[in-house]
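**Q** Position 242 (the sequence shown) corresponds to 434 in the working numbering; numbering is contiguous. Positions of the beta carbon are idealized from the N, C-alpha and C atoms, including for glycine. The structure's right below; bear with me while I get my questions together.
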Amino acid sequence: MTGKEAMDSAFLFSLSKAFCSPLAVFIQIQGCAICLLLALGWACAAYVRNREIKRIKDSMRAGNSFSFLCHDITELEHSYQTTLPRVTVVMPLKGFGEHNLHNWRSQVTSLYGGPLEFLFVVDSTEDPAYYAVSSLISDFKDSIDARIVVAGLSTTCSQKIHNQLIGVEQMHKDSKYVLFLDDDARLHPGSIGALTAEMEKNPEIFIQTGYPLDLPSGSLGSYCIYEYHMPCSMGFATGGKTFFLWGGCMMMHADDFRYDRCGVVSGLRDGGYSDDMTLAALAGAHKRLITSPPVAVFPHPLSSDLSFSRYWNYLRKQTFVLESYTSKVNWIMNRALFSSHCYLSWGFVVPYLMAMTHVAAALQIYIQGYAREETTFVSNGLLLVTCLAACTFIELFSMWNLTRIEVQLCNMLSPEAPRLSLATYNWVLVFIAMLVDNFLYPISAFRSHFSQSINWSGIRYHLKDGKISKIERSTGPKYTDLAWKKLYGKKGAPPKTSFLGALLRSLEQWRQPKKFDG
Numbered sequence: 193m194t195g196k197e198a199m200d201s202a203f204l205f206s207l208s209k210a211f212c213s214p215l216a217v218f219i220q221i222q223g224c225a226i227c228l229l230l231a232l233g234w235a236c237a238a239y240v241r242n243r244e245i246k247r248i249k250d251s252m253r254a255g256n257s258f259s260f261l262c263h264d265i266t267e268l269e270h271s272y273q274t275t276l277p278r279v280t281v282v283m284p285l286k287g288f289g290e291h292n293l294h295n296w297r298s299q300v301t302s303l304y305g306g307p308l309e310f311l312f313v314v315d316s317t318e319d320p321a322y323y324a325v326s327s328l329i330s331d332f333k334d335s336i337d338a339r340i341v342v343a344g345l346s347t348t349c350s351q352k353i354h355n356q357l358i359g360v361e362q363m364h365k366d367s368k369y370v371l372f373l374d375d376d377a378r379l380h381p382g383s384i385g386a387l388t389a390e391m392e393k394n395p396e397i398f399i400q401t402g403y404p405l406d407l408p409s410g411s412l413g414s415y416c417i418y419e420y421h422m423p424c425s426m427g428f429a430t431g432g433k434t435f436f437l438w439g440g441c442m443m444m445h446a447d448d449f450r451y452d453r454c455g456v457v458s459g460l461r462d463g464g465y466s467d468d469m470t471l472a473a474l475a476g477a478h479k480r481l482i483t484s485p486p487v488a489v490f491p492h493p494l495s496s497d498l499s500f501s502r503y504w505n506y507l508r509k510q511t512f513v514l515e516s517y518t519s520k521v522n523w524i525m526n527r528a529l530f531s532s533h534c535y536l537s538w539g540f541v542v543p544y545l546m547a548m549t550h551v552a553a554a555l556q557i558y559i560q561g562y563a564r565e566e567t568t569f570v571s572n573g574l575l576l577v578t579c580l581a582a583c584t585f586i587e588l589f590s591m592w593n594l595t596r597i598e599v600q601l602c603n604m605l606s607p608e609a610p611r612l613s614l615a616t617y618n619w620v621l622v623f624i625a626m627l628v629d630n631f632l633y634p635i636s637a638f639r640s641h642f643s644q645s646i647n648w649s650g651i652r653y654h655l656k657d658g659k660i661s662k663i664e665r666s667t668g669p670k671y672t673d674l675a676w677k678k679l680y681g682k683k684g685a686p687p688k689t690s691f692l693g694a695l696l697r698s699l700e701q702w703r704q705p706k707k708f709d710g
């Protein structure tokens with residue numbers, strides 16, 4: 193052994209020995225506990241979703257071939273359908289991407305039996321979505337009640353919120369409920385009916401919501417987004433009351449907007465950045481009920497060329513929402529979420545770095561032939577590695593099981609659609625994505641905290657006291673980050689930017705947030 197090799201071995205052994213100290217052991221046991229808590233949460237979510245699958249199967253065995261639409265087949269009778277309330281669906285649009293047309297078709301072909309209107313809201317006729325939606329509406333001609341609303345540019349809130357509020361102003365005067373949908377929400381035939389039925393059963397419901405089931409395209413970036421959403425999914429798989437809200441699917445009482453109840457209009461309009469975070473904060477402040485029915489899980493195919501740099505930009509926008517708030521209590525809640533998420537993210541990653549050190553030290557001992565009594569600390573390290581590996585396996589199995597059940601549920605709720613399959617998921621990439629996403633989350637969160645500005649689809653929003661204080665528009669990027677939607681009518685090529693380049697630029701601009709122009 194050369195002198196350099198001896199020094200490297202000594203450093204590795206000292207590091208492995210240090211990682212067997214009481215504090216290091218606590219950190220590694222904490223990593224195991226995080227894995228097991230995630231596994232438990234996904235197991236509970238899987239139970240709720242699986243219970244709904246059994247209900248559908250039992251109903252089918254009892255003779256209800258349309259159980260994917262409603263629990264009671266008598267609800268399909270004409271006498272019942274004529275009593276259903278009017279629903280307005282508002283879809284704020286920005287750009288046109290790979291899966292948008294399929295998603296829009298799933299929305300407008302709903303089998304809801306009551307009066308239903310669709311409002312596609314764009315900021316201008318120059319948006320590529322305007323022409324795509326115009327073509328879609330002309331294909332259906334008079335079979336659906338759908339129109340395009342041009343909202344203009346926002347001045348006091350995010351463009352998405354502005355589009356939503358303009359859509360609400362344009363909804364039918366007799367609409368009882370309004371359903372906000374993102375263009376990446378792929379509905380099932382009975383989704384609108386299921387949401388409306390729950391609202392009718394319990395008038396105390398303030399908002400009904402759901403959550404997407406990500407379908408990774410194969411890139412590491414797409415798996416990072418899947419992994420980012422999975423821990424949140426357990427908060428939506430309650431089968432009832434929840435504190436979480438997804439802006440991609442929100443059904444509310446139309447009168448809440450007509451009369452600005454709980455400040456929903458003013459809270460969104462006056463400096464609102466995130467629709468779901470703002471409405472969730474208002475629900476909490478006024479002690480209003482948010483629910484998520486077990487059938488509200490929607491397939492969400494990710495872009496086929498979703499790169500790592502686009503994932504990073506998406507993560508930046510997700511962490512930025514914690515910088516917006518509506519009240520002092522909401523600010524405290526966001527700070528608590530910020531701190532706990534950052535702590536748990538790195539608390540999840542660090543034990544794996546320690547485990548790699550223990551394994552490397554054990555391999556070095558095996559190769560160099562050290563005496564066992566000289567390296568007893570390595571055995572303790574390998575015991576910790578074994579515990580972590582077992583907990584990781586349990587966690588991945590629980591994640592796999594929930595995904596399997598949600599795929600099965602989606603297939604049952606959309607029997608006419610192409611079958612979803614779990615075979616396309618790469619679980620090695622899922623594990624790598626877990627490490628990458630949890631490592632990057634705190635970096636993104638701190639970047640958002642110190643910059644207080646974000647570029648969203650070519651629009652830069654600046655926050656002050658938790659609300660939008662300044663909006664800057666430029667030509668910006670030609671495509672969005674997540675769905676790679678074309679933002680402008682003119683064709684443009686995707687930027688050939690690496691993830692490392694995007695991250696380095698982001699860190700470089702940390703000190704000069706005002707000069708950053710995404």
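Around the Cβ of P634, are there at least 16 other Cβ atoms within 10 angstroms (buried) or fewer (exposed)?
**A** buried
**Q** Pull up the distance between the alpha-carbon of L437 and that of Y653, whole angstroms please.
**A** If I take the Cα positions, the gap works out to 22 Å.
**Q** Look up P493 in the DSSP assignment and say whether it is helix, strand or coil.
**A** The answer is strand: DSSP assigns P493 an E or B state.
**Q** At the level of alpha carbons, what is the spacing between H478 and F398?
**A** 10 Å
**Q** Between L474 and the rest of its own chain, which residues show a CB-CB distance below 7 Å, the 5 nearest in sequence each way excluded?
**A** For L474, where only same-chain residues beyond five positions count, the Cβ hits under 7 Å are C454, G455, V456, G459, T518.
**Q** Quick one, are the C-beta atoms of G410 and F500 less than 7 Å apart?
**A** Not closer than 7 Å, so no.
**Q** Is L460 helix, strand or coil when you go by DSSP?
**A** Helix, per DSSP.
**Q** Can you tell me which of V620, F642, C534, M548 puts its alpha carbon nearest to the alpha carbon of F631?
**A** C534
**Q** Measure the Cβ-Cβ separation of V370 and I336 and say whether it is below 7 Å.
**A** no
**Q** Please classify K209: does DSSP put it in a helix, a strand, or coil?
**A** helix
**Q** Tell me whether the segment 289-308 and the segment 341-359 touch, counting them as touching only if at least three CB pairs, one residue from each stretch, are closer than 8 Å.
**A** no
**Q** With DSSP collapsed to three states, give me the class of T689.
**A** Here T689 scores only 43 on pLDDT, less than 50, and its place in the model should not be relied on; the value that follows carries that caveat. T689: coil per DSSP, three-state reduction.
**Q** Is the beta carbon of L276 less than 7 Å from the beta carbon of G306?
**A** Yes, the Cβ-Cβ distance between L276 and G306 is below 7 Å.
**Q** Take the Cβ of M548 as the centre, count every other Cβ of all protein chains shown within 10 Å, and call the residue buried at 16 or more, exposed below.
**A** exposed
**Q** Report the residue ranges of all beta strand (DSSP E) runs contained in full by the segment 224-296; include only those spanning at least 3 residues, in chain order.
**A** 279-284
**Q** Can you tell me whether DSSP reads Q644 as helix, strand or coil?
**A** DSSP, read as helix, strand or coil, puts Q644 in coil.
**Q** Suppose the cutoff is 7 Å on Cβ atoms and the five residues either side in sequence are ignored; what does the same chain contact list for L605 look like?
**A** F260, H380, G382, V487
**Q** According to DSSP, what are the bridge partners of A338?
**A** F310
**Q** Could you name the residues that DSSP lists as bridge partners for P404?
**A** F490
**Q** Nearest to A338 by alpha carbon, out of V281, L373, S346?
**A** V281
**Q** Which of the three DSSP states is assigned to M444 in this structure?
**A** strand
**Q** Answer yes or no: do V489 and T388 have a C-beta to C-beta separation smaller than 7 Å?
**A** no
**Q** Given a threshold of 16 other Cβ atoms within 10 Å of its Cβ, counted over all protein chains shown, does I524 qualify as buried or as exposed?
**A** exposed
**Q** Let's test the definition: count the other Cβ atoms within 10 Å of the Cβ of V342 and tell me whether it reaches 16, buried, or not, exposed.
**A** exposed
**Q** With DSSP run on the structure shown, which of helix, strand or coil describes T616?
**A** helix
**Q** Could you tell me whether the Cβ atoms of I586 and A210 are closer together than 7 Å?
**A** no
**Q** Just to confirm, are R527 and C349 a CB contact at a threshold of 7 Å?
**A** no
**Q** From Q644 to N505, what does the alpha carbon distance come to, in whole angstroms?
**A** In this structure, the CA atom of Q644 is about 15 Å from the CA atom of N505.
**Q** Only counting the same chain, and skipping five residues up and downstream in sequence, which positions put a Cβ closer than 7 Å to that of Q220?
**A** P543, M546, L576, L580
**Q** So who's on the other strand from E664, going by DSSP bridges?
**A** R652
**Q** What residue from G463, F288, D374, E392 has the CA that sits closest to P320's CA?
**A** F288
**Q** Could you give the distance in angstroms between the alpha-carbon of T511 and the alpha-carbon of S271?
**A** 48 Å
**Q** Could you check what DSSP says for F332 in three-state terms: helix, strand or coil?
**A** helix
**Q** With DSSP as the reference, label T317 as helix, strand or coil.
**A** In this structure, T317 counts as coil in the three-state DSSP scheme.
**Q** What number of angstroms, rounded off, separates the C-alpha of M442 from the C-alpha of C224?
**A** 35 Å
**Q** Return the first residue and the last residue of the alpha helix (DSSP H) that F512 is part of.
**A** F512 -> alpha helix (DSSP H) spans 500-512.
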